[in-house]
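Trainee:
Structure below.
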């Protein structure tokens, strides 16, 4: 195989919103669809505020209230952010991850420091907090305290606090009167900050003057305020946290009674004020410990705060789990800077039509795909705005019975209309943008509940055919295949004894009238033939494909997915690679319909294409190339015949957040390919498209090509495999290329690899059959 690497105004509250992501990316570029409003940390920058979710950073410019996203597609090197910090003198944002990785985010570059992540250590490497002190960053981790030299961009030292040099999880530190105090999972420790041997546990002393019951307890946070040291004891049950403070004047510990019974998360100080972040309130006190502010609510929502900090003047910035970044003065005067985004990171199934994207937010459990009581609904993107209908905003989505919206399908011919099937009592839902317009279950449709749980419907996949019939895979029932016709009528089909009461994961209606159902867990592939007469079952037939010659010859009967390519061939993804049915018409005509594996040559050896990969999904682009999503190895892009590998994207060489690919969908008009991973959805702008009316309008862009442009030149309006000849104005051939679906991509160079000179260049395009021709011009300016 050949490899190529490469706010409605409420009270005094205002909502500031921003687009979730930029517009369609350029060719070869990525964008992400991560939800970033569930925030875990916040810090001040220079004239800006940074807030972190697990999946990316939100940067607020406080001068113009603009929001910027910083994610993997913008250059971050990892997923699962755990802490951020900002060094103002160097204008650098430090990003720490759960696996110990660290990014230094400067204005124009991001530098990765993977030393902690790559260290051969079994302890928890999670970066809990980042504290800046004299141009150094102190990272509190499961290893201890790690010192990062910001100037040299390197790890300077590691302080090990545990007895006999064992690793001890440090949650936060503070520098107090020449000492470093550390809040750990096993008490409070301190050491002289000028001790040259801080890397040795012998330099650290446990504070044994705390109340005896908590000397060895876990402490979340520590902070000096006035003449006191405040610490948060992490209680064993929710709401059992206790805040203690040590008086450096009276030399004794006391309980801070105003916050007894709260779940306390963070302490922040500024001048003569101290700020406590709890789950449901932000409380401020002066240096006499009198309360000066109590933000017990927002004007627009309830509080679910992770952390709050003081701002530049009298404002408070809050990283909230639901409302995003919030600026608050008091309970009645506050603002949320919230992104328009999907409702959840969970993404098992997606669909893409026109310029829309639909995500099903399901979580599944076990090999039989039981629901996980996920009530996050679905998210629909119309190209500009996200809609997230769920149990909290739709009366038709019943909170106690509508879980795990798994299967997704956008109606091809009506903007904003889409369907989603659930693993629950909810059944099948019809939507228009953010509103539920209909719901179908066993009462008003042919959808059936499972034979084992009354009322529990398992709709595992839905897909439209060319006539706008919606085909429905209904698992663990006697008749697993249903269809919703455009006139609103349902019909159910008997697929035989082998198809009864089993898990189905995919349904594929084809143009020929065959419908495929994939059965995992040693099931196989069911083919149903309605002979293009849905209402007449007298001519229907079905066949179950399995292993063995003459039975389907599947390489593995754990079938994960099935799709039809542009040549009407059926590509099957299994737990042991790929197989292709080249003549699906033979399944019911008596010919050879056995699936075949693809043999490829790699490094002089003959082997089977992806035979050791679990194939979760396959999507076909406009050039008939196959985008293949795997369970553990990311995404492969292979040629139309499977003989050549064009690209292989993983989390190590691309912005893919995970190598587990659950689903793939393509916007055929733009070539944008969407990947649903275990950590959200990202997309890549591919080169292949499908034109609605090929050769009706052929044009090139950018045009003219200016001196400062060195990217791809796209010739649009073509058909698949069109031949393109580019000449100079006198007719001399400059280069010859072929279209990938509805467009061709030229690098602006001649056949010698040289950039062409200033001038007008002619583009002559012929369709593959030679029956259609077109021409256009491109102006180069050098």
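Numbering (the numbering used here), first residue to last: 1163 to 1944. The beta-carbon is built from N, C-alpha and C at its ideal position, and this holds for glycine as well. Keep in mind it's a predicted model, so treat the numbers as computed, not measured.
Evaluate contact between the stretch 1620-1638 and the stretch 1670-1683, counting only Cβ atoms and requiring at least three cross-stretch pairs below 8 Å.
Mentor: The stretch 1620-1638 vs the stretch 1670-1683: in contact.
Trainee: Inspect the beta-carbon positions of residue 1848 and residue 1880 and report whether they are closer than 8 Å.
Mentor: No, Cβ-Cβ distance for residue 1848 and residue 1880 is not below 8 Å.
Trainee: Is the stretch 1471-1488 close to the stretch 1795-1810, with three or more CB pairs under 8 Å?
Mentor: They do not touch, by the three-pair rule.
Trainee: From the DSSP output, which residues share a beta bridge with residue 1355?
Mentor: Answer by DSSP bridge pairing: none, since residue 1355 is not bridged.
Trainee: Assuming the contact rule is C-beta atoms closer than 8 Å, residue 1194 and residue 1844 should be a hit. Round their C-beta distance to whole Å, please.
Mentor: Yes, they are in contact, since the Cβ atoms of residue 1194 and residue 1844 sit about 5 Å apart, within 8 Å.
Trainee: What's the C-alpha gap between residue 1806 and residue 1762?
Mentor: Roughly 8 Å separates the two Cα atoms.
Trainee: Taking its Cβ as the centre, do 16 or more other Cβ atoms sit within 10 Å of residue 1302, making it buried, or is it exposed?
Mentor: Looking at its Cβ environment, which holds 16 or more other Cβ atoms inside 10 Å, residue 1302 is buried.
Trainee: Is DSSP giving residue 1761 helix, strand or coil here?
Mentor: It is a strand residue.
Trainee: Taking the C-alpha atoms as reference points, what is the distance between residue 1840 and residue 1820?
Mentor: Cα-Cα distance, rounded: 7 Å.
Trainee: If we ignore side chains and look at the alpha-carbon of each, how far apart do residue 1239 and residue 1318 end up?
Mentor: Their backbone Cα atoms lie some 21 Å apart in a straight line.
Trainee: In angstroms, rounded to a whole number, what distance separates the CA positions of residue 1822 and residue 1792?
Mentor: Distance between the alpha carbons of residue 1822 and residue 1792: 6 Å.
Trainee: Within a Cβ cutoff of 8 Å, which residues of the same chain sit near residue 1215, ignoring the five residues on either side of it in sequence?
Mentor: Within the same chain, residue 1215 has close Cβ partners 1196, 1197, 1198, 1199, 1200, 1201, 1202, 1243.
Trainee: Which residues bound the beta strand (DSSP E) around residue 1513?
Mentor: Note, residue 1513: beta strand (DSSP E), 1511-1515.
Trainee: Is it right to say residue 1325 is buried, meaning 16 or more other beta carbons lie within 10 angstroms of its own, or is it exposed?
Mentor: When all chains shown are included, residue 1325 counts as exposed.
Trainee: Across which residues does DSSP place residue 1597 in a beta bridge pair?
Mentor: Bridge partners of residue 1597: 1594.
Trainee: Can you list, in chain order, the residues of its chain whose CB lies under 8 Å from that of residue 1727, leaving out five sequence neighbours each side?
Mentor: 1733, 1782, 1786, 1788, 1802, listed in sequence order.
Trainee: According to DSSP, is residue 1870 part of a helix, a strand, or is it coil?
Mentor: Residue 1870: coil per DSSP, three-state reduction.
Trainee: Does DSSP put residue 1701 in a helix, in a strand, or in coil?
Mentor: Helix at residue 1701.
Trainee: Between which two residues does the beta strand (DSSP E) harbouring residue 1307 extend?
Mentor: That run of the beta strand (DSSP E) goes 1307-1311.
Trainee: Is residue 1663 near residue 1645, with beta carbons less than 8 Å apart?
Mentor: No; because the gap between Cβ atoms is not below 8 Å, this pair is not in contact.
Trainee: Taking the continuous alpha helix (DSSP H) assigned at residue 1278, which residues delimit it?
Mentor: It spans 1277-1280 - the alpha helix (DSSP H) in which residue 1278 sits, taken as one unbroken run.
Trainee: Taking DSSP as the reference, what is the three-state secondary structure of residue 1877?
Mentor: Strand at residue 1877.
Trainee: Measuring only the C-alpha atoms, how far is residue 1370 from residue 1292?
Mentor: Using only the alpha carbons, I get a separation of about 26 Å.
Trainee: Quick one: is residue 1142 buried, meaning 16 or more other Cβ sit within 10 Å of its Cβ, or exposed?
Mentor: Residue numbering for the chain in the displayed model covers 1163 to 1944; residue 1142 lies beyond these limits and cannot be assessed.
Trainee: Is the stretch 1541-1555 close to the stretch 1857-1876, with three or more CB pairs under 8 Å?
Mentor: Contact fails: fewer than three Cβ-Cβ distances are below 8 Å.
Trainee: How should residue 1759 be labelled, buried or exposed, when 16 other C-beta atoms within 10 angstroms of its C-beta is the threshold for buried?
Mentor: It is buried - the Cβ of residue 1759 has at least 16 other Cβ atoms within 10 Å.
Trainee: Mind checking which residues open and close the beta strand (DSSP E) that includes residue 1725?
Mentor: 1721-1726 is the span of the beta strand (DSSP E), which, as asked, contains residue 1725.
Trainee: For residue 1351, which of 1650, 1357, 1363, 1358 has the nearest alpha-carbon?
Mentor: Among 1650, 1357, 1363, 1358, the Cα nearest to that of residue 1351 belongs to 1363.
Trainee: Quick check: the Cα distance between residue 1507 and residue 1360, rounded to an integer number of angstroms?
Mentor: Spanning the two alpha carbons is a distance of roughly 41 Å.
Trainee: Among 1886, 1395, 1592, which one has its Cα closest to the Cα of residue 1382?
Mentor: Ranking 1886, 1395, 1592 by Cα distance to residue 1382 puts 1395 first.
Trainee: Measure the beta-carbon distance from residue 1204 to residue 1479 and round it to whole angstroms, keeping in mind my assumption that it falls under 8 Å.
Mentor: Yes, residue 1204 and residue 1479 are in contact; Cβ-Cβ is about 5 Å, under 8 Å.
Trainee: Taking residue 1331 as the reference, give the member of 1338, 1265, 1323 with the closest Cα.
Mentor: Measuring from the Cα of residue 1331, the nearest candidate turns out to be 1323.
Trainee: Looking only at C-alpha atoms, which of 1355, 1399, 1408 sits nearest to residue 1373?
Mentor: For the residues 1355, 1399, 1408, the minimum Cα distance to residue 1373 belongs to 1408.
Trainee: Within 10 Å of its beta-carbon, does residue 1590 have 16 or more other beta-carbons around it, so buried, or fewer, so exposed?
Mentor: Buried, because 16 or more other Cβ atoms sit within 10 Å of the Cβ of residue 1590.
Trainee: Please state the DSSP three-state secondary structure of residue 1942.
Mentor: Correct three-state label for residue 1942: strand.
Trainee: Report the option in 1581, 1569, 1535 whose CA atom is closest to the CA atom of residue 1560.
Mentor: Closest by alpha carbon: 1535.
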